[in-house]
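One structure is given below, encoded as structure tokens.
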Amino acid sequence: MDGLLMITSVLLPIVSALMLMRMPWLNESRRDRCTFVGAVLLLECIVVALVAIEPQRSVVLFKMTEQLPIALRSDGTSRVFSIVMALMWANSGFFSFRYMAHEKNEQSYYAFYLLALGSLMALTLSGTMVTMYLFFELTTFLSVPMVLHTRTKEAIAAGIKYLIYSIAGATMGLLGIFFLTPNLSSPYFVEGGALMAGSLNIPHEALLAIIFVTLVGFGTKAGMFPMHGWLPTAHPVAPAPASAVLSGVITKAGVLCIFRMLFYVIGPDFIRGTWVQTALLGCSAVTVFMGSMLALREKVLKKRLAYSSISQVSYVLCGLYLLDTMAFDGALLQIVVHALTKDALFLCAGAIIFTTGITRVDEMYGLGKRMPWTMWLFTICSISLIGIPPLGGFIAKWYIAEGALASTVPVALFNWLVPTVLLISALLTAGYLLPPSITAFFDLRTEGECLVPQVRAKPTALLVVPIVILTVAIVVIGVNPSPMIDAFNRLAATLF
Amino acid sequence: MMLAVPIALPLLAGAVLPAFRWKRKAARNAYVLGMTVLASLLLAWALAAPSQEPVELLRFTSRLTVSLKADGLGRLFAVLIAVLWPLTTLYALEYMQGEAKQDSFFAFFLMSYGVTLGIALSANLLTLYLFYELLSLSTLPLVMHGGSGASVQAGLKYLYYSLGGAAFAFIGLVYLVYFGGTTDFAYGGLFTQVDIRHSAQLRLGYLLCFLGFSVKAAVFPLHGWLPTASVAPTPVTALLHAVAVVKSGVFAIIRITYFSFGAALLQGSYAQHIPLALAAFTIVYGCAMAFRERHLKRRLAYSTVSNLSYILFGALLLTPQGLAAGLMHLVFHALMKITLFLAAGVYMVKAQADDVRDLRGLGRSMGLTSGVFVLGSLAMTGIPPLIGFISKWSLGVSAVTLGGALPVAGLVALLISAVLTGAYLMTPSFTLYTARRAEGAGEPEPLGLPMRITLLALAAAMVVLSFYNQPLLDFLTRTASGLM
Amino acid sequence: MTLARNFPFFSILLCLVGSVLTSVLKPKAARALTVIISGVVLVLSAFTLRYALAMDAAEPFMMGHFPAPWGNELRIGRLEALMATGISGVLFVTLLAGFYHMPAFVSDKKLGLYCIMVDLALGAILVMLYTNDLFTAYVFIEIMTIASCALVIVRQNGHTLVAATRYMIMNLLASGLVLLGISMLYGITGHLLMEPLGRSVRQIYETGQYMEPLTVVIALITAGLAIKSAMFPFHAWAPDTYAFAPPMSSAILSGLIGKAYIFLLIKFIFRVIGLDIIVASHIDSILFACGVTGMIIGSVMAISQRDIRRMVAYSSVSQIGYIYMGLGMGTEVGVAAALFQMLAHAAAKSLLFLSTNELTSVSGDRKRFHYLHGAGYRNPVAGVVFTVGAMSLVGIPFTGGFVAKLYLATAGMPLGGWVRALVLVALAVSTLLNAVYYLHTVVSIYRRAPAEIDYPPSHRVPRHAAAALLISMLMTVYLGIGSGPIMRVIESGLKMFA
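Keeping their order, the protein sequence lines are chains Z, A and E. Quick note: the first sequence, position 257, residue 257 per the numbering used here, numbers continuous. Quick note: the second sequence, position 37, residue 37 per the numbering used here, numbers continuous. Quick note: the third sequence, position 296, residue 296 per the numbering used here, numbers continuous.
Now the structure itself:
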């Protein structure tokens with residue numbers, strides 16, 4: 001039947017998760033469990049790839065009421081996001097097989113891990129606003145258990161904070177959905193937007209304000225100012241692989257929603273040149289800057305990486321809100337590259353914690369000797385994140401900057417402000433990502449205090465290989481970005 | 001005449017219950033449950049007849065009568081009550097085990113059923129008013145059942161508020177008698193060809209009437225009795241203060257708005273704006289208070305305060321679409337709220353968990369209850385595709401379609417309320433599973449069959465309605481347009 | 001049948017003769033005779049009512065063969081007959097239900113005196129209902145004053161003496177005012193019989209001379225009768241009197257005697273002066289204001305009482321306020337509503353006083369609320385009866401009080417403007433206030449009794465008393481359900497009243 005593959009990509013992780021929770025024979029040993037989860041993750045990647053290869057299609061699952069269909073849709077956007085998400089998810093999953101050996105409650109962790117994956121797939125494959133809202137909320141609920149996995153008081157508080165922020169953001173999004181619905185030519189997503197700007201039933205200015213609120217609301221998951229408050233609290237308390245996906249993947253879910261709203265519902269032309277574009281650009285620029293500043297001051301490595309995520313994801317948003325083809329390409333590339341890079345960085349941090357118990361950057365002396373592989377990978381990824389050629393990060397930021405200079409923004413200020421902010425941020429990124437590497441490799445303390453960190457547990461290949469894969473990908477993209485850029489250009493052509 | 005039977009049966013059955021000397025508890029329980037189910041069946045039979053003629057019971061003057069009628073709105077409310085009452089009775093039979101004075105409790109419980117059906121099937125405002133007052137009286141002993149000082153105080157507060165409200169609603173009744181000559185319900189109101197010089201006075205009368213009935217509908221600032229009344233046993237709180245009593249208030253307001261005074265009279269005037277503003281404010285106020293409240297039942301009581309104003313908000317938009325949305329929420333909220341209250345009751349009586357903090361860690365050991373509680377919370381927060389989202393969506397769309405400052409403000413209030421609801425309902429839902437039980441807390445007692453059946457039935461109903469709801473929605477739309 | 005024409009006269013005669021007879025009878029026989037007399041009066045009044053309903057207009061009944069304007073007359077109309085039936089019915093039931101308590105309050109020797117006074121009071125009430133002559137009315141006002149004082153003072157303790165004294169003084173003052181008014185009226189018009197008086201007054205009004213004296217007359221007589229019926233602000237004597245007198249006396253005083261005075265006032269307004277003239281003199285506005293104020297103040301004072309009997313007493317003040325509000329509206333509908341309220345209140349108030357007494361007697365004769373917890377369980381009949389009476393006074397549907405409220409509110413609607421608003425809001429507020437103290441008491445009597453108090457073993461209520469209480473309860477409910485015919489009688493009776 002039509003759309004069977006799409007439905008499979010959603011149901012496969014969900015059903016597997018339910019099996020994992022209910023069937024004791026899967027949980028008899030760690031080995032069994034990990035094998036099962038690993039198999040599911042790989043299978044999921046294959047299914048997603050198949051969906052991506054297929055031509056564009058959509059399918060209606062059911063109708064809540066006559067006017068509210070729940071539908072799935074596979075198109076250019078969903079291909080990009082779903083492949084990125086599935087691969088990242090699988091990667092972190094494999095990492096966690098080793099990492100979680102010392103944690104408790106693995107069964108529920110993996111169950112929710114898979115459930116969240118299913119929900120995310122459905123989110124990327126959403127075909128209408130309400131479907132998207134449904135799975136946005138569902139993803140929130142399914143990812144909260146990962147945040148509060150350790151069940152400490154801080155974890156629970158962080159989980160609740162994440163929950164509340166997400167619900168608030170989703171509700172702000174819902175506001176927009178309410179007002180936009182009567183003004184759309186179709187409840188389904190349409191390339192380039194379905195808004196009938198000529199015949200609105202509320203004043204133009206009011207709709208603009210509502211759109212602003214909506215996009216800020218969906219930006220909660222992406223940690224955009226002013227709804228960023230949950231990120232620094234939630235990411236560090238989760239286990240490292242969970243932080244990795246929270247930071248690398250789930251933030252992209254927020255971006256996806258903004259993407260869909262902007263290009264498939266509202267249409268870029270509606271807000272081009274208005275105060276809304278200015279305000280959103282302002283917010284994302286502020287977030288870029290703010291994230292970097294916060295990362296600089298932070299001493300705990302995972303928190304530093306979390307703040308960094310805030311900043312990097314807002315690069316994407318900057319690129320999108322410029323409403324220019326080049327910046328668009330850059331933004332999508334940044335999505336891919338950042339997912340890879342941040343995932344890798346978090347996994348490195350996880351490996352460090354697992355092996356030596358070190359969490360703070362000022363304790364990382366001599367790590368270069370103890371864990372050379374990890375630190376080298378860390379360094380390479382840092383370089384990419386900062387934006388130094390020839391790595392992937394550079395290409396992405398270059399495109400965004402170029403797009404900013406060329407785009408037609410209402411306030412000419414942004415033409416050069418955005419690149420400036422990007423530059424400053426790059427410097428700041430260097431400021432917070434290079435010192436750990438330097439400390440690890442070049443121990444600059446006096447002789448007497450030199451301590452080689454103790455090894456607490458043996459790292460295995462599983463802890464290193466995933467990071468290697470990610471890093472290789474980053475390098476490859478940096479060297480040969482053209483295939484991706486072309487694909488993005490094709491997508492952009494349909495949307496602008 | 002058939003309409004009078006389902007009303008009279010529980011009334012009489014309850015009144016004579018204390019007179020029998022019950023040798024075995026089981027016999028009395030069977031009697032209570034049997035009478036309730038029988039009344040529901042009789043109601044179904046009575047409603048199956050398509051006739052819409054009013055049935056006159058008493059006559060004061062030629063135009064002031066006590067009569068019953070089953071139009072679309074009345075059927076809706078009656079069926080809702082008739083479905084939920086037996087379930088709650090079943091639950092109550094297990095809940096009240098070990099409590100004192102069960103005979104009088106069930107007697108009044110039964111009688112209240114008859115009275116509520118009377119409210120649903122009233123053909124005119126006088127009849128509705130009579131049953132409305134009787135409801136206050138018949139539910140009073142239920143609220144005070146605990147017998148403690150707090151229960152008595154709660155009961156008295158409930159009584160004073162209710163009677164005070166009814167006294168003001170009475171004024172509206174008199175206005176109708178004077179200007180309209182009759183209090184009969186007719187879709188569109190009695191004043192379709194009204195004199196301009198009378199409309200100002202009529203609006204004032206409506207406003208007073210609204211304020212009077214808004215006591216039971218728990219609109220700010222007259223909501224104060226509801227949280228205090230949660231000291232009553234849980235079946236009372238669940239059914240009466242989430243469904244029967246408070247929905248009667250809302251029902252009465254819908255009747256006077258659409259069927260007595262009429263939307264045409266009120267549209268665009270202060271008589272629409274003031275109630276609408278109060279409803280919008282109450283939506284947020286109720287949620288804010290629920291958020292601060294730690295006692296589980298009081299939290300749910302405040303949540304009811306807020307949700308009732310959702311219904312009123314929809315109805316006060318004075319469009320058929322708004323009314324349909326309001327009615328949708330009336331049905332769905334009743335279902336969701338009863339589920340939540342009954343689950344809360346299970347926590348209270350089996351695990352001694354009165355407070356939200358006591359819920360920590362109960363998720364594993366009370367699997368069924370917690371599952372149902374989480375389902376209810378998700379629905380109440382408005383997560384698609386569950387029923388709560390459908391009614392909130394309809395309310396939002398109606399507000400947007402109508403446009404105007406107040407409807408939009410109400411929509412914003414709705415959304416703020418959704419966030420707060422998520423906060424105060426989903427937080428306990430998560431701590432059920434994630435937090436650890438306090439040291440020294442005992443094991444919860446297992447659930448008996450009655451409670452299990454009730455919880456499962458309600459959860460199933462919520463899920464089924466989420467997906468298969470088109471016939472119901474059609475019925476509501478037709479009722480709201482006056483076609484039923 | 002025309003025999004019925006004589007029934008009013010027979011009833012009055014019966015009462016007066018009965019009172020003489022009672023003075024020579026032994027207490028038990030005296031009691032029985034009084035009850036029988038009231039029963040007979042009830043039956044006679046019922047027949048009179050039937051007769052009056054068949055007539056289209058009120059009929060004058062000559063006393064002796066002296067024609068008007070020199071002779072004395074009774075007038076038999078629907079309204080008078082209805083009120084007579086109602087009042088004698090309530091009295092009959094009250095006597096049945098209350099007499100068995102009397103030995104607790106009154107010594108045997110005094111019981112005979114008591115019965116005499118009851119008979120006299122009934123006779124006087126009937127005269128005031130039926131009379132067509134102002135002077136006769138005054139004579140029987142005086143007789144009623146004496147009888148009612150005796151009813152209070154027959155219970156000998158300090159409280160009653162003080163209360164009775166105060167009652168006596170105020171009543172005599174009021175009687176004096178009435179006498180003054182009658183004299184002046186006689187001086188202006190030269191008539192004492194009501195119809196010729198009415199014609200004269202109308203002449204005076206039309207010609208415009210003697211207007212000041214006329215106004216003064218209206219004021220004097222209204223004030224006098226208002227004082228006697230405990231209208232605010234002349235109510236000060238009422239709470240003490242009703243609280244300390246024997247309960248049956250309180251029931252009779254509050255429920256019946258007061259109504260007779262008000263009825264006389266209505267007769268005065270309609271027949272002697274004329275409703276339009278009263279309205280022109282603005283006396284009705286004063287009555288209205290006093291009525292509304294009394295409604296509220298009476299209830300407010302009742303809330304603060306610690307003692308159940310005083311609470312019921314203050315509540316009477318409030319209920320009389322309802323009646324005066326209805327009168328003060330100055331329209332026929334208003335007066336009709338006030339008349340219905342009179343009937344409803346009479347039925348409910350006697351119910352309340354008697355059941356209150358039952359409740360306190362099973363609580364060790366203590367009246368404070370704390371001791372009354374659980375009284376409803378110790379004496380179920382009294383509990384139910386009290387509850388129904390309370391519901392009637394609060395105005396719960398299906399009782400007479402609710403219908404009275406409905407009629408009063410409907411009567412207030414045509415007045416328009418702020419007067420209408422005042423009527424409606426006052427009714428609403430008063431309902432709430434009544435609910436506060438009455439329903440609180442109902443809740444109290446059904447609470448668990450405090451363990452530390454020893455209650456005497458409850459005696460059984462004699463069957464006839466219980467039956468009487470239940471009948472009076474049914475009367476209240478009947479007024480709530482089947483008020484239609486009664487109201488029609490009142491309205492048609494009022495039309496032919498003038």
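In this text, a Cβ means the ideal position worked out from N, Cα and C, and glycines have one as well. Note that this is a predicted model, so its numbers are computed, not measured.
Can you tell me whether residue i is buried or exposed, with buried defined as 16 or more other CB within 10 angstroms of its CB?
i, result
"E:Ala337", "buried"
"Z:Ile156", "buried"
"E:Gln319", "buried"
"A:Ala19", "exposed"
"Z:Asn183", "buried"
"A:Gln97", "exposed"
"Z:Phe62", "exposed"
"Z:Ser308", "buried"
Helix, strand or coil: how does DSSP classify residue i here?
i, result
"Z:Ile388", "coil"
"E:Glu59", "strand"
"Z:Gly448", "Low local confidence applies: a pLDDT of 46 at Z:Gly448 is under 50, so the model's placement there is unreliable, with the coordinate-based value given in what follows. Residue state, collapsed to three classes: helix."
"A:Arg255", "helix"
"Z:Ile156", "helix"
"Z:Phe62", "strand"
"Z:Asn105", "coil"
"E:Tyr377", "helix"
"E:Leu3", "helix"
"Z:Asp324", "coil"
Check whether the Cβ of residue i lies closer than 8 Å to any Cβ atom in chain E.
i, result
"A:Tyr178", "yes"
"A:Leu137", "yes"
"A:Glu56", "no"
"A:Arg59", "yes"
"A:Ile171", "yes"
"A:Val152", "yes"
"A:Tyr129", "yes"
"A:Val174", "yes"
Mind pulling the chain A residues with CB within less than 8 Å of residue i?
i, result
"E:Ala147", "The premise fails here: E:Ala147 is roughly 38 Å from chain A at the closest Cβ pair, so nothing lies under 8 Å."
Going along chain A, which residues have a C-beta under 7 Å from residue i?
i, result
"Z:Phe543", "Not covered by the structure: residue 543 of chain Z. The range shown for chain Z is 1 to 496."
I want to verify the contact list: residues of chain Z whose CB lies under 8 Å from the CB of residue i, in sequence order.
i, result
"A:Ala418", "Ile167, Thr171, Leu174"
Using a cut-off of 9 Å between C-beta atoms, extract the partners of residue i located in chain A.
i, result
"Z:Ile160", "Ala423, Met426, Thr427, Phe430, Thr431"
Show which residues of chain E have a CB atom less than 7 Å away from the CB atom of residue i.
i, result
"A:Glu133", "Ile396, Pro397"
Does the CB of residue i have a neighbour CB from chain A at under 8 Å?
i, result
"Z:Tyr109", "no"
"E:Gly190", "no"
"Z:Leu163", "yes"
Under 9 Å between beta-carbons, which chain E residues line up against residue i? List them in chain order, please.
i, result
"A:Gly155", "Val443"
Compare the C-beta of residue i with all C-beta atoms of chain Z and state if any pair is closer than 8 Å.
i, result
"A:Ile81", "no"
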